[in-house]
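Presented below is the structure to which this report refers.
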Amino acid sequence: MIIIHADMKVLPEKRESFLQQTQGLISASQAEEGNVRYTLMQDLNDPNAFTMVEEWKDAAAVDFHNKSAHFQAFVAAAKELLAAPLEVNAFQDATKL
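Residues in the sequence shown are numbered from 1 upward in steps of one, following our numbering.
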């Protein structure tokens, strides 16, 4: 299992557009074969800070997702929506090592 946290700081004036863009990304990603979870979380203290929490069955599922048209389209659109570069952290279930 691979868990990814993608932290995003959204430009306040682009917040609604960001939320619309993520809906398509979430739906398409959740439909992918290797997806376990794909959820957008909002920071309790900052309405413009979000974390996409992703869980994937394996590295092949992550690779497939990263190459998908819906993910690539979101990455391209995010350049205009984010106040800072996307920060991604990936984790592996340590109990499975």
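A virtual CB, placed ideally from N, CA and C, is assigned to each residue, including glycine.
ask   = Which two residues bound the contiguous beta strand (DSSP E) that contains V53?
value = Against the sequence shown, residue 53 aligns to sequence position 53. A49 to W56 is the extent of the beta strand (DSSP E) around V53.
ask   = Counting pairs of Cβ atoms below 8 Å between the stretch 57-68 and the stretch 22-42, do you hit three or more?
value = yes
request  = Pick out whichever of L86, R15 and A84 has its Cα sitting closest to the Cα of P47.
outcome  = Walking along the sequence shown from the start, residue 47 turns up at place 47. Taking only the C-alpha atoms, the option nearest P47 is R15.
request  = Quick one: measure Cβ to Cβ for T51 and D7, integer angstroms, because I've assumed they're closer than 8 Å.
outcome  = Counting from 1 along the sequence shown, the entry for residue 51 is found at position 51. Counting from 1 along the sequence shown, the entry for residue 7 is found at position 7. Confirmed, Cβ separation roughly 5 Å.
query = Under a CB-based cut-off of 8 Å, is M1 close to chain B?
reply = Here there is only one protein chain, and chain B is not present.
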